[in-house]
């Protein structure tokens with residue numbers, strides 16, 4: 110008995126140990142199952158949802174774009190898009206036939222092929238329908254056709270901003286211009302249906318009122334002088350914000366196909382031009398800044414300037430030696446050439462590159478067309494570039510350089526976004542003394558009776574500026590009848606707040622211009638009309654009311 | 287004593303089950319209401335987006351300009367700016383010296 114007890118007592122721990130192992134094994138098994146359940150329910154859920162959403166629709170919700178005064182430039186509206194579920198369709202031929210009656214531009218063969226694939230449960234038929242079209246499709250009452258609401262980009266400001274906003278594709282993704290910039294810098298928001306974007310509203314530097322005034326004045330000028338195109342901008346002289354930027358012919362962002370035409374390119378930033386005599390401002394600034402000459406230094410401009418096989422002449426030779434001041438006021442090519450020769454090409458290259466005119470640049474609306482530099486920069490190039498030929502730059506880049514010359518000498522970077530409290534750049538390009546001299550000279554060019562810019566005067570606003578009439582290069586050299594006439598100016602000239610630039614492409618001689626096509630007779634008066642109109646919009650007070 | 291406790295516990299369990307049941311249905315009702323509100327919200331947001339776009343389209347500067355010109359309005363001219371004192375003075379009957387100052391351009 111005692112032996113049996115002791116035997117049982119001996120076996121008991123072993124049995125208990127075995128039972129424990131079995132229990133632990135079962136527990137581990139259940140733990141594994143529980144863990145797997147938890148893993149499946151947590152981890153796979155997201156993937157499944159994404160996998161379902163992906164093939165259906167992947168569109169982007171975009172933030173609103175407003176001008177500097179909060180007026181709407183671009184926004185998303187929900188529009189119905191039509192899709193098909195081929196598996197639910199009864200008679201494909203009937204569907205194709207009836208849809209073609211509503212959308213004549215649909216590709217019938219393509220649509221039939223799509224609908225033939227019975228394994229598909231989703232295929233776009235047409236996106237961005239108008240409410241009327243959607244109602245007509247709905248009224249067909251065909252099974253297998255349904256709608257999704259998708260965001261569609263609309264531009265209430267239309268062609269006024271066409272060159273700047275760029276384009277979006279059918280998924281509402283930014284392809285070019287500011288739309289692309291927004292995607293690149295602010296991120297993209299994927300949505301499956303039309304929804305308000307949570308990305309902050311984008312504030313442009315543009316003022317739609319000023320933009321409209323500019324477009325209107327340019328359009329009238331284009332008609333008056335029968336010009337093939339026109340362009341103009343208004344830039345804040347310190348921050349580089351573009352208050353207006355217009356290029357005609359314009360493009361309507363609501364009709365993206367238009368933007369591809371060559372003559373509709375943005376003439377302010379997507380093309381480069383030899384801008385002519387407005388470059389003399391830079392030449393004189395270089396002379397003053399480098400200490401080569403003062404405004405009173407006299408150059409002998411009586412003879413045409415001969416360099417190798419080339420001869421540089423003046424349009425209106427004065428027949429007497431001229432001071433730097435008078436060379437500028439009479440816009441003498443010979444004088445500008447002589448001044449540049451004295452400074453030398455090294456100084457000229459250095460000065461122009463300091464102003465940022467020799468390197469490519471970009472704005473939020475995309476890259477600015479890169480400057481076209483001469484192949485070799487010898488004496489003749491130095492002379493021609495002094496009066497604005499031989500170096501082609503985008504007007505927007507020139508305007509920024511001009512702004513930094515008149516704003517006291519600090520660097521200006523053009524921008525299309527509002528900079529509410531950004532401090533202006535403090536990088537100095539020219540001394541404030543040079544800037545003051547240039548301002549005086551530009552003002553003199555408008556107030557002096559023989560100044561080329563006298564027709565740009567606007568009573569009360571102290572306009573200053575420089576004219577430029579540049580012959581356009583054509584087959585076999587420059588064409589004397591096809592010119593770009595331009596006026597670059599600033600107001601009020603003693604303490605500038607805004608730079609204006611107006612250019613007319615291939616203006617024709619009219620009675621009003623006495624048969625001439627020079628900028629003093631077309632671009633300058635256009636600037637005068639423009640400034641008279643926009644100064645009140647820019648909060649520039651007339652001189653007599655300034656304290 | 288123990289049986290009493292069991293009976294109370296059983297009733298409490300039943301009560302809790304009922305409470306849970308009705309709570310679940312309440313939650314579903316609220317969920318449906320929330321979904322309805324969300325749909326209304328989406329629709330209103332879409333309507334607001336369209337109205338905003340339409341308002342901006344109607345307020346295009348070129349359209350406003352045409353309308354304003356029909357009313358005999360035009361861009362502000364430099365001569366229309368006056369000192370506050372001057373503006374008050376012109377409200378009074380015009381005197382010959384003021385008429386002379388009136389802009390003629």
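Protein chains in written order, with my numbering: chain A, 110 to 656; chain B, 287 to 391. Positions of the beta carbon are idealized from the N, C-alpha and C atoms, including for glycine.
Given residue i, which residues of its chain have a CB within under 7 Å of its CB, disregarding the five upstream and five downstream residues?
i	result
residue 343(B)	none
residue 486(A)	454, 458
residue 212(A)	235
residue 177(A)	312, 313, 314, 315, 316, 527
residue 285(A)	275, 276, 475
residue 394(A)	514, 539, 543, 547
State the beta-bridge partners of residue i as determined by DSSP.
i	result
residue 575(A)	597(A)
residue 663(A)	Coverage of chain A is limited to positions 110 through 656, which leaves residue 663(A) absent and any answer about it impossible.
residue 591(A)	None; residue 591(A) has no bridge partner.
residue 345(A)	607(A)
residue 419(A)	416(A)
residue 257(A)	190(A)
residue 439(A)	Per DSSP, none; premise fails for residue 439(A).
residue 338(A)	614(A)
residue 428(A)	Answer is none; residue 428(A) lacks a bridge partner.
Considering only residues of the same chain and omitting the five flanking positions on each side of residue i, which have a CB-CB separation below 6 Å?
i	result
residue 414(A)	421, 443, 446
residue 233(A)	192
residue 644(A)	570
residue 541(A)	517, 518
residue 196(A)	227, 230
residue 409(A)	430
residue 493(A)	499
residue 270(A)	182
residue 559(A)	none
residue 616(A)	334, 336, 594, 626, 631
residue 425(A)	none
residue 638(A)	326
residue 264(A)	183, 362, 363
residue 173(A)	184, 310
Leaving out five residues on either side along the sequence, give the residues of the same chain with a beta carbon under 8 Å from the beta carbon of residue i.
i	result
residue 288(A)	171, 183, 262, 274, 275, 276, 277
residue 161(A)	Note that residue 161(A) scores a pLDDT of 46, beneath 50, so its modelled location is shaky and nothing firm can be said.
residue 175(A)	181, 182, 310, 311, 312, 313
Assuming residue i and residue j are in contact, meaning their beta carbons sit under 8 Å apart, how far apart are those beta carbons, in whole angstroms?
i	j	result
residue 629(A)	residue 564(A)	6 Å
residue 201(A)	residue 224(A)	5 Å
residue 601(A)	residue 635(A)	That belief does not hold up - the Cβ atoms of residue 601(A) and residue 635(A) are roughly 19 Å apart, past 8 Å.
residue 354(A)	residue 342(A)	5 Å
residue 503(A)	residue 380(A)	7 Å
residue 440(A)	residue 561(A)	5 Å
residue 298(A)	residue 308(A)	6 Å
residue 458(A)	residue 448(A)	About 15 Å; that fails the 8 Å criterion.
residue 538(A)	residue 463(A)	6 Å
residue 335(B)	residue 280(A)	Between residue 280(A) and residue 335(B) the Cβ distance is about 18 Å, and since that is not below 8 Å, they are no contact.
residue 339(A)	residue 169(A)	Contact flag wrong, Cβ pair sits at about 35 Å.
residue 546(A)	residue 397(A)	5 Å
Using Cβ-Cβ distances below 7 Å, what residues of the region 162-194 of chain A are close to chain B? 180, 181, 184, 185, 186, 187
Could you please tell me which residues of the region 266-292 of chain A, in chain order, have their CB closer than 9 Å to any CB of chain B? 266, 267, 269
May I ask you to verify whether the region 591-605 of chain A touches the region 571-580 of chain A, counting CB pairs closer than 8 Å and requiring at least 3? yes
Just by C-beta distance, which residues in the region 314-325 of chain B are closer than 7 Å to chain A? none
Are the region 604-618 of chain A and the region 511-523 of chain A in contact at 8 Å, needing three or more beta carbon pairs? yes
Taking any Cβ of chain B, which residues in the region 330-354 of chain A have a Cβ under 7 Å from it, in chain order? none
Determine which residues of the region 556-585 of chain A have a Cβ less than 9 Å from any Cβ of chain B, and write them out in chain order. 567, 568, 569, 570
Quick one: which residues of the region 244-265 of chain A get their C-beta closer than 8 Å to a C-beta of chain B? List them in chain order. 258, 263, 265
Taking a cut of 9 Å between CB atoms, which residues from the region 334-347 of chain B lie near chain A? 334, 335, 336, 338, 339, 340, 341, 342, 343, 344, 345, 346, 347
Quick one: any contact between the region 380-397 of chain A and the region 491-505 of chain A, if contact means 3 or more CB pairs under 8 Å? yes
Three or more C-beta pairs closer than 8 Å, one from the region 448-456 of chain A and one from the region 395-408 of chain A: is that the case here? yes
Check each residue of the region 308-333 of chain A: if its Cβ is closer than 9 Å to any Cβ of chain B, include it; give the result in chain order. 317, 318, 320, 321, 322, 324, 325
Return the residues of the region 634-650 of chain A that lie within a Cβ-Cβ distance of less than 9 Å from chain B, sorted by chain order. 641, 642, 643, 644, 645, 646, 650
For the region 253-261 of chain A against the region 235-244 of chain A, are there 3 or more C-beta pairs whose distance is under 8 Å? yes
Please list, in chain order, the residues of the region 356-367 of chain B that have any C-beta partner in chain A closer than 9 Å. 361, 362, 363, 364, 365, 366, 367
If you measure beta-carbon to beta-carbon, which residues of the region 463-495 of chain A are closer than 7 Å to chain B? none
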